[in-house]
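*Asks:*
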Amino acid sequence: MSGPILHHYGTSPFSEKVRVAFGIKQLAWRSVKIPPMMPKPDLTPLTGGYRKTPVMQIGADIFCDTQIILREIERRHPQPTLFPGLSKGLAEGVAYWADHQLFAACVAIAFGIMGEQMPDAFLEDRAQFSGRPIDRTKLKRQSAVMHGPLRAHLGWVEEALNDGRAFLFGEAPSLADLAVYHGVWFVRDRAKSDAVADYVKLNAWADRMKSFGHGTYTEMDGKEALTIARQAQPMAMPGGVAPNALGLSLNDTVSVTPDDTGRDPVVGQLVALDAQSITIRRASEETGEVQVHFPRAGFILVPHKGQ
Ligand SMILES: N[C@@H](CCC(=O)N[C@@H](CS)C(=O)NCC(=O)O)C(=O)O
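Numbering of the sequence shown is given in this note's numbering, commencing with residue 73 and proceeding in unit increments.
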């Protein structure tokens with residue numbers, strides 16, 4: 073079994089969520105650096121069009137979105153668990169809030185500080201990515217508007233940590249800590265904002281999260297990752313397709329699209345579907361046959377038109 077390959081870039085907060093998970097579990101992994109904006113010529117052949125960062129590859133299996141990436145890492149490397157104590161289920165729910173509502177506030181604050189230095193091409197890419205125009209002159213104002221909501225969201229975290237616990241669900245880190253941390257990292261460590269500098273417990277907790285590091289990794293070229301996919305076989309998916317409201321069956325041609333940003337549909341044949349995940353199979357010249365996995369929450373699955 074080949075180990076995880078993370079397609080990412082250093083400044084990406086969602087990638088930091090996965091890198092710190094590698095640190096908590098002390099895993100060895102391979103790193104493929106991808107461009108921070110389109111085009112991503114060695115990535116999109118693997119995903120079938122999904123452009124977001126990060127993507128995890130294990131042989132000919134491609135995992136899109138940190139929700140499913142972390143679930144797969146936990147399945148393969150269950151110790152130490154990302155669901156300690158009573159956190160199962162709840163940690164996923166907290167993570168979903170953090171990845172969406174909390175992260176949106178973090179982006180506004182970070183762009184308010186770094187936006188002026190960002191090249192036009194990057195801001196144009198992010199406008200296309202988010203589906204909304206980005207006006208450089210309004211970034212500071214939007215940051216001021218989101219300052220209060222950010223403090224309200226992170227105020228809940230400060231309050232949760234107030235009883236002296238080390239992590240959100242007790243003495244060991246969980247998926248929820250990872251999801252809150254990457255937004256805090258973006259604001260505090262990347263953008264160097266002082267928006268939450270007075271949250272004493274939160275900052276001590278963020279330092280604890282940072283100290284896990286990133287595990288051990290070696291750099292690898294994107295072309296080599298394509299060769300690895302081509303030479304590997306997708307893993308068996310014995311669960312099959314569960315009965316579903318769409319009436320979809322095994323091998324139906326479907327499309328899977330993020331419901332928020334980077335809404336590029338990926339088309340393939342349905343291999344597996346359950347309450348938490350979608351797996352499709354597709355092929356390209358560069359990759360051979362691959363299986364692409366998505367989480368169920370946050371993605372729109374429909375039959376592909378023209379089927
Ligand atoms: N829900 C996704 C969000 C990923 C995301 O939005 N990543 C940002 C970078 S941190 C992104 O894709 N930005 C555009 C890009 O890298 O092309 C996940 O959990 O992986």
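Idealized CB from N, CA, C, for every residue including glycine.
How big is the Cα-Cα spacing for Asp207 and Glu361?
*Replies:* Here residue 207 is taken as the residue at index 135 of the sequence shown, counted from 1. Here residue 361 is taken as the residue at index 289 of the sequence shown, counted from 1. Computed Cα separation, rounded: 41 Å.
*Asks:* Assign Thr367 to one of two classes, buried (16 or more other C-beta atoms within 10 Å of its C-beta) or exposed (fewer than that).
*Replies:* As a first step, residue 367 is located in the sequence shown; it is residue number 295 there, counting from the start. The sequence shown places Pro at residue 367, rather than the Thr named in the question. It counts as buried.
*Asks:* Look at the alpha carbon of Gln341 and the alpha carbon of Asp235, and state the distance between them as a whole number of angstroms.
*Replies:* The sequence position of residue 341 within the sequence shown is 269, counting from 1. The sequence position of residue 235 within the sequence shown is 163, counting from 1. Rounded to whole angstroms, Gln341 to Asp235 spans 50 Å at the Cα level.
*Asks:* Report the three-state DSSP secondary structure of Gly203 (helix, strand or coil).
*Replies:* Translated into positions along the sequence shown, residue 203 becomes position 131. Residue state, collapsed to three classes: coil.
*Asks:* In the DSSP assignment, find the beta strand (DSSP E) that holds Ala355 and state where it starts and stops.
*Replies:* To locate residue 355, count along the sequence shown from 1; it is residue 283. Run containing Ala355: 349-356, per the beta strand (DSSP E) assignment.
*Asks:* So, is Gln50 buried or exposed, given that buried needs 16 or more other C-beta atoms within 10 angstroms?
*Replies:* Limits of the chain in this structure are 73 at one end and 379 at the other, which puts residue 50 out of reach.
*Asks:* Suppose the cutoff is 8 Å on Cβ atoms and the five residues either side in sequence are ignored; what does the same chain contact list for Ala232 look like?
*Replies:* Counting from one through the sequence shown, the residue named residue 232 turns up at place 160. Excluding sequence neighbours, Ala232 sits near Leu240.
*Asks:* Considering only the alpha carbon of each residue, which of Val166, Ala297, Met109 lies closest to Pro76?
*Replies:* Position 4 of the sequence shown holds residue 76. It is Ala297.
*Asks:* Can you check which of these residues, Asp171, Gly370, Ser103, is closest to Arg335 by C-alpha distance?
*Replies:* Within the sequence shown, residue 335 is the residue found at index 263, counting from 1. Of Asp171, Gly370, Ser103, the residue nearest in Cα terms is Gly370.
*Asks:* Could you check how far apart the C-beta atoms of Val374 and Val326 are, in whole angstroms? I think they sit under 8 Å.
*Replies:* On the sequence shown, residue 374 is found 302 positions in, with the first residue counted as 1. On the sequence shown, residue 326 is found 254 positions in, with the first residue counted as 1. With 8 Å as the limit, Val374 and Val326 qualify as a contact, their Cβ atoms being about 7 Å apart.
*Asks:* Ordered along the chain, which non-local residues of its own chain (more than five positions away) have a Cβ less than 6 Å from that of Gly294?
*Replies:* As a position in the sequence shown, residue 294 is number 222, starting the count at 1. Cβ within range, chain order: Val104, Asp114.
*Asks:* State buried or exposed for Val272, treating a residue as buried only when at least 16 other CB atoms are found within 10 Å of its CB.
*Replies:* Position 200 of the sequence shown, counted from the first residue, corresponds to residue 272. Exposed, because fewer than 16 other Cβ atoms sit within 10 Å of the Cβ of Val272.
*Asks:* Kindly indicate which three-state DSSP category Gln139 falls into: helix, strand or coil?
*Replies:* To locate residue 139, count along the sequence shown from 1; it is residue 67. The answer is helix: DSSP assigns Gln139 an H, G or I state.
*Asks:* Am I right that Leu154 and Ala251 are in contact with their C-beta atoms under 8 Å? What's the rounded C-beta distance?
*Replies:* Reading the sequence shown from its first residue, position 82 is the one you call residue 154. Reading the sequence shown from its first residue, position 179 is the one you call residue 251. Leu154 to Ala251, Cβ: 10 Å. No contact.
*Asks:* With three or more beta-carbon pairs closer than 8 Å as the criterion, would you say the stretch 175-188 touches the stretch 249-264?
*Replies:* As far as the Cβ criterion goes, the stretch 175-188 touches the stretch 249-264, which means the pair count is three or higher.
*Asks:* Give a single yes or no on whether Met110 has its beta carbon closer than 8 Å to a heavy atom of ligand 2.
*Replies:* What this structure holds is ligand 1, not ligand 2.
*Asks:* Excluding sequence positions up to five away, which residues of its chain have a Cβ less than 8 Å from the Cβ of Leu274?
*Replies:* By one-based count along the sequence shown, residue 274 stands at place 202. Taken in chain order, the residues that qualify are Leu226, Val229, Glu230, Leu233, Val256, Val268.
*Asks:* Determine the DSSP secondary structure at Phe194, reduced to helix, strand or coil.
*Replies:* One-based indexing of the sequence shown puts residue 194 at position 122. Correct three-state label for Phe194: helix.
*Asks:* If we ignore side chains and look at the alpha-carbon of each, how far apart do Ala347 and Lys89 end up?
*Replies:* The residue labelled residue 347 in the question sits at position 275 within the sequence shown. The residue labelled residue 89 in the question sits at position 17 within the sequence shown. If I take the Cα positions, the gap works out to 23 Å.
*Asks:* With distances taken between CB atoms, is the gap from Ile431 to Ala301 smaller than 9 Å?
*Replies:* The structure shown does not extend to residue 431, since the chain is modelled only from 73 through 379, so no value can be given for it.
*Asks:* Is the beta carbon of Ala248 sitting closer than 9 Å to the one on Ser159?
*Replies:* Within the sequence shown, the letter at position 176 stands for residue 248. Within the sequence shown, the letter at position 87 stands for residue 159. A contact, by the Cβ cut-off of 9 Å.
*Asks:* Below 8 Å on the Cβ atoms is my guess for Gly319 versus Ala344; work out the distance and round it to an integer in Å.
*Replies:* Stepping through the sequence shown from its first residue, residue 319 is reached at position 247. Stepping through the sequence shown from its first residue, residue 344 is reached at position 272. Not really, about 16 Å apart at Cβ, beyond 8 Å.
*Asks:* Within the continuous beta strand (DSSP E) that includes His341, where are the two ends?
*Replies:* Sequence index remark: in the sequence shown, residue 341 carries index 269 (1-based). The question names His, but residue 341 in the sequence shown is Gln. It spans 338-345 - the beta strand (DSSP E) in which Gln341 sits, taken as one unbroken run.
*Asks:* Mapping the DSSP letters down to three states, classify Met281 as helix, strand or coil.
*Replies:* As a working note, residue 281 is residue 209 in the sequence shown. Helix at Met281.
*Asks:* Helix or strand or just coil, what does DSSP make of Pro375?
*Replies:* The sequence position of residue 375 within the sequence shown is 303, counting from 1. The answer is strand: DSSP assigns Pro375 an E or B state.
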